[in-house]
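These protein sequence lines map, in sequence, to chains A and B. Just so we're aligned, residue 22 is where the first sequence starts under our numbering, counting upward by one. Just so we're aligned, residue 22 is where the second sequence starts under our numbering, counting upward by one. Just so it is clear, CB atoms sit at the ideal spot from N, CA and C, and this is done for glycine as well. Written below as structure tokens is the structure these notes are about.
Protein chains: 2
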Amino acid sequence: MTEPSRPQRGENLDITHKRGKPTLRTIATIAGLAVTTVSRALSDAPQISLETRQRVHRIAREIGYLPDRAAQRLKTGRTNVIAILLDSHEEVVGFSTSIMYGIAKALKETSYHLVVAPNFLSTTDIEAAEYIIRNHLADGLIFTRTEPLDARVRLLLETGFPFICHGRTEFSTPHPYVDYDNFTFAYEAARRLIAKGRKKVTVILPPKRLTFCQHILHGFMTAVREAGIAYEIPEAVDLDTPAGVLRDFISNRADAPDAPDGFICPGEVSALAVISGMSDAGRILAVDYDIVAKETSRLLSQLQPKVDTIHEDLTAAGEDLGRMLLQRISDPDAEDLQLLLPPQINFPVG
Amino acid sequence: MTEPSRPQRGENLDITHKRGKPTLRTIATIAGLAVTTVSRALSDAPQISLETRQRVHRIAREIGYLPDRAAQRLKTGRTNVIAILLDSHEEVVGFSTSIMYGIAKALKETSYHLVVAPNFLSTTDIEAAEYIIRNHLADGLIFTRTEPLDARVRLLLETGFPFICHGRTEFSTPHPYVDYDNFTFAYEAARRLIAKGRKKVTVILPPKRLTFCQHILHGFMTAVREAGIAYEIPEAVDLDTPAGVLRDFISNRADAPDAPDGFICPGEVSALAVISGMSDAGRILAVDYDIVAKETSRLLSQLQPKVDTIHEDLTAAGEDLGRMLLQRISDPDAEDLQLLLPPQINFPVG
DNA sequence: TTGACAATTTAAAACGTTATAAGCCTCCCG
DNA sequence: CGGGAGGCTTATAACGTTTTAAATTGTCAA
Numbered sequence: 022m023t024e025p026s027r028p029q030r031g032e033n034l035d036i037t038h039k040r041g042k043p044t045l046r047t048i049a050t051i052a053g054l055a056v057t058t059v060s061r062a063l064s065d066a067p068q069i070s071l072e073t074r075q076r077v078h079r080i081a082r083e084i085g086y087l088p089d090r091a092a093q094r095l096k097t098g099r100t101n102v103i104a105i106l107l108d109s110h111e112e113v114v115g116f117s118t119s120i121m122y123g124i125a126k127a128l129k130e131t132s133y134h135l136v137v138a139p140n141f142l143s144t145t146d147i148e149a150a151e152y153i154i155r156n157h158l159a160d161g162l163i164f165t166r167t168e169p170l171d172a173r174v175r176l177l178l179e180t181g182f183p184f185i186c187h188g189r190t191e192f193s194t195p196h197p198y199v200d201y202d203n204f205t206f207a208y209e210a211a212r213r214l215i216a217k218g219r220k221k222v223t224v225i226l227p228p229k230r231l232t233f234c235q236h237i238l239h240g241f242m243t244a245v246r247e248a249g250i251a252y253e254i255p256e257a258v259d260l261d262t263p264a265g266v267l268r269d270f271i272s273n274r275a276d277a278p279d280a281p282d283g284f285i286c287p288g289e290v291s292a293l294a295v296i297s298g299m300s301d302a303g304r305i306l307a308v309d310y311d312i313v314a315k316e317t318s319r320l321l322s323q324l325q326p327k328v329d330t331i332h333e334d335l336t337a338a339g340e341d342l343g344r345m346l347l348q349r350i351s352d353p354d355a356e357d358l359q360l361l362l363p364p365q366i367n368f369p370v371g
Numbered sequence: 022m023t024e025p026s027r028p029q030r031g032e033n034l035d036i037t038h039k040r041g042k043p044t045l046r047t048i049a050t051i052a053g054l055a056v057t058t059v060s061r062a063l064s065d066a067p068q069i070s071l072e073t074r075q076r077v078h079r080i081a082r083e084i085g086y087l088p089d090r091a092a093q094r095l096k097t098g099r100t101n102v103i104a105i106l107l108d109s110h111e112e113v114v115g116f117s118t119s120i121m122y123g124i125a126k127a128l129k130e131t132s133y134h135l136v137v138a139p140n141f142l143s144t145t146d147i148e149a150a151e152y153i154i155r156n157h158l159a160d161g162l163i164f165t166r167t168e169p170l171d172a173r174v175r176l177l178l179e180t181g182f183p184f185i186c187h188g189r190t191e192f193s194t195p196h197p198y199v200d201y202d203n204f205t206f207a208y209e210a211a212r213r214l215i216a217k218g219r220k221k222v223t224v225i226l227p228p229k230r231l232t233f234c235q236h237i238l239h240g241f242m243t244a245v246r247e248a249g250i251a252y253e254i255p256e257a258v259d260l261d262t263p264a265g266v267l268r269d270f271i272s273n274r275a276d277a278p279d280a281p282d283g284f285i286c287p288g289e290v291s292a293l294a295v296i297s298g299m300s301d302a303g304r305i306l307a308v309d310y311d312i313v314a315k316e317t318s319r320l321l322s323q324l325q326p327k328v329d330t331i332h333e334d335l336t337a338a339g340e341d342l343g344r345m346l347l348q349r350i351s352d353p354d355a356e357d358l359q360l361l362l363p364p365q366i367n368f369p370v371g
């Protein structure tokens, strides 16, 4: 199978290259082929004979050849880079690490790298996106915390740049997204509280500008209206409120008349803050009040087993985001790039 | 100052380029200069006249020129990439997001990008580093959670590849690092507990293989010996123990004889787990026992103000890591690339 | 025997940048 | 007036890949 005496046409038989790394030329010299042939063989072009293709692949594997990203990028214009836009919100505990881990998982075995593009490259996050598009710093973009008429989405749709976001929008043009079914989360959470016999329910909403705030509110109100139960929506606090402020708010509210006894917390920190606040007011969890919380780690359910939890798997979401963005990049007309992930309900029986 | 009638020597006066992006040639055409000249002018080579340099810079700014990373990388061999090795440990809440944010902050305004290299590119984390070095996928490496004879550090020292780690090692060859002064943390934490009149102190240690476990133990033991106070070191649990397991362990221990009444928790989750466990055993924080905890967010002190906290600013650490790695890259002989960050003690007076 | 054709392989050019080595002036000195 | 010497600019060649077009085979019908 090996052809040792094939005529070597390369004028330079020195295999070790200046920078030491094997290149196409290294393989070409070894195989006695032209660089072009090696290139096409490696990309499995049908014009290259099967035997040659296999031989080239074998040599490449043996000498540990890896195509030079810079050269490929320069030639093809493709960067093989996925950028993730971090906004400065990231102080919130453990938020995007899981998502990034998931994305990285999806990118494993592909030639894509994941680069972190913090929004403070520019003054606003939209400018960060603009900058990346204009200068072709990536082939695709991922970001989170969408708004109904998200400026980033608008820009990306206009320019036709591949992207996927975690969260939906209200644009009429469909676009790729992965989202968590927050309607169902809030609906089931409220029903759980009602089933437990709570008399007045409430919910710590995300900041109003975010799309999923509406979804949660909608799910909450649907369950509340179905049951005809009392409720209230705090205006002074949201999920981004510092834990200490939220805690004080809750404890003050508990001391006032008609305090709610059922809480929906779409985040672990808020659940802990509610527990602290209620505790300050002398209320005992599972006795005086109940909480249903969304958790993205196993932290809350382990620390506070009396909290009913509904899980959101952000690592899985990240994996979907990565996978679907790659699809979008390779096929601009791809369908089915919208995914709504179902809540994982962990209520104990009874 | 502008020279409108300078002879245009380029044969191709078409400024708009195929891919639309301005290149050196675009500037060269506009300025009536050679590409080489533009290149050197932009890098402020002294051989180029000041006037030309300024003119070229101005044009570049006006048309929004940004050098092509791929071409630069191909030509110079420099990738302009910093890679951060994530290990799968990242489930732990909020760990590396702050560090990454800090690194990104340090890389802002430079030409460096931050890429996330999860260790599962390969089976072990050392292989991930090997892969990156071998294939020149980055100019420098950042990683965390070092061990005394860390395999990654050994490899990087041997190959001379630029890196910096969060945490120290015990190699005789000095290398760049940023670390938190965990000795002082543990020492001051123990002294605080002792000052509060606690009779028996304990500490939840990090996994033993990590360098900073020794530092914490050393600080702890120093304070304990100075004061001649009772202590114990739990063997069955560590900082990576799931919160629920730790909680059960603490509560069981509290029910047994000679239980400690002073806890050092070098992590927020462990502090919350200890509080839960002690609460299960009917013990009340600040009455029956005290905790001094390390916190990397403001979460714990806001939720549990009775916990004494010592702060570790991971964003700042990340910024130092980024900044110092860039120094190391540009000057292999740079000194002073070792930084020990002091604990920020937040004990209330009294 | 000669094209024609398919099946392979190849040479050459290009992507945008930088490094090397020249080039072209102008000025000054002998 | 010849010849450097500076001061500034430039042409050329690479980096490693892919693309376009062309060349080299062998095969087979006319």
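Limits of the alpha helix (DSSP H) - the one that residue i falls within
i         : result
Asp301(B) : 289-301
Phe241(A) : 232-248
Phe270(B) : 264-276
Asp146(A) : 146-155
Ile80(A)  : 71-84
Gln68(A)  : Looking at the DSSP string, Gln68(A) is not in any alpha helix (DSSP H), and its letter there is neither H nor E.
Leu95(B)  : 90-97
Ala55(A)  : Careful: Ala55(A) lies outside any alpha helix (DSSP H) and carries neither H nor E.
Ala172(B) : 172-180
Terminal residues of the beta strand (DSSP E) in which residue i lies
i         : result
Gln348(A) : Counting along the chain, Gln348(A) falls outside any beta strand (DSSP E), though it belongs to the alpha helix (DSSP H) covering 335-351.
His332(A) : 329-332
Leu362(B) : 359-362
Val199(B) : 198-201
Phe184(B) : 184-187
Of the listed residues the options, nearest to residue i (C-alpha basis)
i         : options                                    : result
Asn156(A) : Glu179(A), Arg99(A), Met242(A)             : Arg99(A)
Gln359(A) : Thr97(A), Pro197(A), Glu253(A), Thr73(A)   : Pro197(A)
Val290(A) : Arg274(A), Ser322(A), Tyr310(A)            : Ser322(A)
Pro278(A) : Ala159(A), Gly85(A), Lys221(A), Val245(A)  : Lys221(A)
Ala307(A) : Ser297(A), Val328(A), Val295(A)            : Val328(A)
Ala292(B) : Thr243(B), Arg274(B), Leu320(B), Glu148(B) : Leu320(B)
Ile163(B) : Glu130(B), Ser132(B), Asp200(B), Arg304(B) : Asp200(B)
Gly298(A) : Asp309(A), Ser272(A), Thr317(A)            : Ser272(A)
Residues sharing a beta bridge with residue i, DSSP
i         : result
Phe284(B) : Thr223(B), Ile312(B)
Gly161(B) : Ile103(B)
Glu253(B) : Thr223(B)
Gln365(B) : His332(B)
Ala138(B) : Leu106(B)
Leu306(B) : Tyr310(B)
Beta carbon proximity, residue i to chain A, threshold 8 Å
i         : result
Tyr122(B) : yes
His157(B) : yes
Leu63(B)  : no
His332(B) : no
Ser297(B) : yes
Arg319(B) : yes
Thr118(B) : yes
Ala294(B) : yes
Short CB-CB distance (under 8 Å) between residue i and chain B
i         : result
His78(A)  : no
Ala264(A) : yes
Gln323(A) : yes
Lys327(A) : no
Ala91(A)  : yes
Arg94(A)  : yes
Ala125(A) : yes
Lys42(A)  : yes
Val137(A) : yes
Leu87(A)  : yes
Leu107(A) : yes
His372(A) : Any property of residue 372(A) remains undetermined from this structure, which presents chain A solely from 22 to 371.
Arg268(A) : yes
His236(A) : no
Closer than 7 Å: residue i CB and nearest the ligand ATP heavy atom
i         : result
Asp146(A) : As for the ligand ATP, it is missing from this structure, which has no ligand bound.
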